[in-house]
Amino acid sequence: MRTATMCFSILQGPRFKIHTLVNFWSGNFHSWTRTYSNSSKLHGSIVNGLEGGKSKKWTRRPVTTKAEERAKRIHSSKTSSIRHEVFDGAVSTNATLNINKTEINQFQKIQYYDIQKIIAENKDLANLVTVVAFDIETTGFSRENDGIIEFALQVLQGGENSTFQTLVNPERNITNSHVHGITKNMVDRPGVPRMRELIPILLQYVKSHQKPGGFIMWVAHNSRSFDVPFLLSEFSRCSIELPPNWLFLDTIPLARELMKSEGSKLSKISLQALREYYGIPLIGSAHRAMSDVRSLSLIFQRLTYDLKLTMPGLVERSFLGSDIKKKKS
DNA sequence: TGCCAGGCCCTCTTTAGGGCCTT
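In the UniProt record's numbering, the protein residues as written are 1 to 329.
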């Protein structure tokens, strides 16, 4: 049972703004216990060094923004075939996924516009924004000297293959295995992608969940200070630009809002503190990406409910990759 | 000798410093 099973497209019209978002999240409140009661996939076997669950082949969905249609007509299509399969989140090497490099490049070059302005001015936000909770595990805290070793996400609107997870070969030593339990032996093997191999897959995966002409809202805990700067550094090292239709949301400011709200007994704002505050049980190991993503997904839904947040409210609190300061050289 | 992660928030503050949060 997936956490998010309701379709976001039911959220229609500005006069339902508050209730629609609440209804969407609240629908998931009823499913979270069932989610945890059937979460054996988090304890699944290691497949090619990757934590995975039941096998489901990922099939691409057509995405038909006008810009991309134009891009498809323009490019000379040299298609590279990377053999990958998503085991409900774990990347393995058994099936074929066609990655068109030119298409990805064009995808990155879709008009540069004021994403937040466009979303804010659009009355039908539900049909524009895909909300994705994500988490990374890294070799340390330095975005310059450390690398990502695990990536996991969950598309909160649900649907087919709504979760994605993989270990990542950071191509460097791992000195903090005591934190997450991920060792060099686990990532230094053929089935585990490097970031430069994972990013094209990630772009395609996210694109397959993107609404036509829509946007992706990435949600993580402490994303402004940690996850997003790390992601930007990895994209930069791979000479790949962040898609212009991505925006980010940090749940820490939301937790602070809740902490200051009347009647709230929340005293700390760590992921663990929020999980305990909401009575969400830990499934799997803390500091493993997918486990933290599942916790975050439920915490985020509860936060938006408690703070009575609407989608415009979330967009207002979001930020862009360009808002992250680059380290002075 | 100096650096060692970086951003945000709070307060005994703003010409600053300490704590929290992420791995």
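For every residue, glycine included, the Cβ atom is placed at its ideal position computed from N, Cα and C.
From a predicted model like this one, the values you see are computed outputs, not experimental measurements.
Nearest-angstrom Cα separation, counted from residue j out to residue i
| i | j | result |
| --- | --- | --- |
| SER162 | VAL155 | 5 Å |
| MET186 | GLY284 | 17 Å |
| ARG189 | THR183 | 11 Å |
| residue 345 | ARG172 | Since the first residue shown for the chain is 1 and the last is 329, residue 345 is missing from the structure and cannot be characterised. |
| SER261 | TYR205 | 37 Å |
| SER291 | VAL315 | 26 Å |
| LYS207 | VAL129 | 12 Å |
| LEU202 | HIS221 | 20 Å |
| ILE280 | VAL228 | 25 Å |
| ASN127 | PHE230 | 29 Å |
| PHE319 | TRP218 | 10 Å |
| PRO170 | HIS287 | 17 Å |
| THR35 | SER295 | Legend: pLDDT at THR35 = 40, less than 50; position of this residue unreliable, no value from coordinates given. |
| PRO193 | ARG237 | 15 Å |
| ILE174 | SER223 | 22 Å |
| LEU125 | ASN176 | 41 Å |
| ARG275 | ILE252 | 13 Å |
6 Å CB neighbourhood of residue i in its chain, flanking five on each side removed
| i | result |
| --- | --- |
| ILE240 | ILE199 |
| GLY321 | LEU232, LEU242 |
| ARG143 | PRO229, PHE230, SER233 |
| LEU282 | none |
| GLY159 | none |
Assigned secondary structure, residue i (DSSP; H/G/I helix, E/B strand, else coil)
| i | result |
| --- | --- |
| SER322 | helix |
| ALA255 | helix |
| VAL192 | coil |
| VAL168 | coil |
| LEU232 | helix |
| PHE215 | strand |
| GLU137 | strand |
| ASP292 | helix |
| THR304 | helix |
| ASP146 | coil |
| LEU249 | strand |
Own chain, CB closer than 7 Å to residue i, minus 5 neighbours either side, in chain order
| i | result |
| --- | --- |
| ALA289 | ASP135, ILE136, GLU137, GLU150, PHE151, ALA152, GLN165 |
| ASP146 | THR138, THR139, GLY140 |
| LEU258 | SER264, LEU266, LEU303, ASP306, LEU307 |
| ILE104 | Bear in mind that the predicted position of ILE104 carries a pLDDT of just 43, short of 50, making it too unreliable to give a figure here. |
When the options are compared against residue i, the one with the closest alpha-carbon
| i | options | result |
| --- | --- | --- |
| ASP323 | ILE174, SER225, GLN157, LEU202 | SER225 |
| VAL131 | PRO281, ASP250, ILE269 | ASP250 |
| ARG256 | ALA273, TRP246, ASN245 | ALA273 |
| TYR305 | SER223, LEU254, ARG196 | LEU254 |
| GLU235 | VAL192, PHE248, GLU197 | Note that residue 235 is Phe in the sequence shown here, rather than Glu. Residue GLU197 is the option with its Cα nearest to PHE235. |
| ILE148 | SER223, GLY158, GLU160, VAL168 | VAL168 |
| GLN157 | HIS180, ALA133, MET195 | ALA133 |
The ligand FAD heavy atom lying under 7 Å from the CB of residue i
| i | result |
| --- | --- |
| PRO193 | Looking at this structure, you won't find the ligand FAD or any other ligand, since it has none at all. |
Proximal residues to residue i (C-beta, below 8 Å), its chain only, five neighbours per side dropped
| i | result |
| --- | --- |
| TYR278 | LEU298, ILE299, ARG302 |
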